[in-house]
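The sequence shown begins at 95 in the numbering used here and counts up one residue at a time. Cβ atoms here follow ideal geometry from the backbone N, Cα and C, with glycine treated the same way. In what follows, a structure is listed as structure tokens, so that the remarks can point back to it.
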Amino acid sequence: MGSTRQPRRSNTRQRIQDVALELFAEQGYEKTSLREIAEALDVTKAALYYHFKTKEDIVVSLFQDLTRPMDELIEWAQGQPRTLETKEQVLRRYNDALTAAAPLFRFMQENQATMRELSIGESFKDRMITMLGLLREPDTELKDQVRCVSALFTLHAAMFALKDIEGDPEEKRDAALEVALDLIAQAHHARG
């Protein structure tokens with residue numbers, strides 16, 4: 095699950111996803127129509143319908159591209175010992191996935207009400223709970239569990255909260271990853 099995007103079925107399908115995501119981010123999911131997506135692509139609605147029947151179909155396809163690497167990460171981590179090194183690797187790999195899917199995560203952040211209504215919202219929430227379970231130990235002190243949860247969400251915060259802070263985007267992501275790794279290390283060392 096590196097920083098490269100997952101291969102997609104066709105260039106047309108990918109173009110539709112990219113343009114739709116851009117329009118959803120600019121105008122909001124609810125205010126964007128399939129007609130507007132077709133016009134931005136300079137194709138007919140019929141051509142768009144060949145690939146996607148609804149806006150939700152487009153968003154679901156985007157999430158499938160994102161959740162595939164997450165599922166691979168979860169499967170990998172569940173087969174590893176619950177060591178600090180494994181938890182650090184989970185954070186590094188998840189950070190790469192977030193970076194590769196940054197436009198989609200911005201869409202999620204800016205369209206939270208829509209996300210709750212779409213079928214994928216609940217499945218993504220379940221994956222996040224699983225990810226948290228990979229990082230935290232239920233038998234540790236509450237403050238160390240909070241550190242583990244905070245480590246994961248520090249990576250999310252870098253995408254949204256740090257966008258208005260001056261600096262190179264890569265440096266901001268690296269700084270957030272460093273803080274997340276520090277939080278995991280603090281929680282781990284408190285257990286020892």
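Counting only runs of 4+ residues, the alpha helix (DSSP H) found wholly inside the stretch 161-213 occupies 178-194, 196-204, 206-211, in chain order. At the C-beta level, L135 and I110 come within 8 Å of one another. With respect to R241, L277 sits close: the two C-beta atoms are nearer than 8 Å. Beyond the five residues adjoining it in sequence on each side, A119 comes within less than 7 Å, by CB distance, of P197, R200, F201, E204 in the same chain, given in chain order. If the five residues before and after L185 are omitted, its C-beta is found closer than 8 Å to the C-beta atoms of L229, A245, L246, L249, L271, A274, L275, I278, all from its own chain and listed in chain order. F157 is classed as buried because its beta carbon has at least 16 other beta carbons within 10 Å across all chains shown.
Leaving aside the five residues that flank A251 on each side, the residues in its chain whose CB is nearer than 8 Å to its CB run, in chain order, A270. Secondary structure note for K257: it is in no alpha helix (DSSP H), with a DSSP letter that is neither H nor E. Minimum Cα-Cα distance from A194 among the listed residues T234, Q280, P263 corresponds to P263. Taking the Cα of F146 as reference, the smallest distance to any Cα among R129, I259, N189, T234 is reached at R129. Judged by DSSP secondary structure, D112 falls within the alpha helix (DSSP H) whose first and last residues are 105-121. In the three-state reduction of the DSSP assignment, R267 falls in the helix class.
Annotation for R129: the continuous alpha helix (DSSP H) segment containing it runs 128-135. With fewer than 16 other CB atoms across the displayed protein chains lying within 10 angstroms of its CB, D220 is exposed. Between the C-alpha atoms of E265 and R162 there is a straight-line separation of about 27 Å. A Cβ-Cβ separation of about 5 Å places T126 in contact with L117 under the 8 Å criterion. The three-state reading of DSSP puts K147 in coil, since its state is none of H, G, I, E or B.
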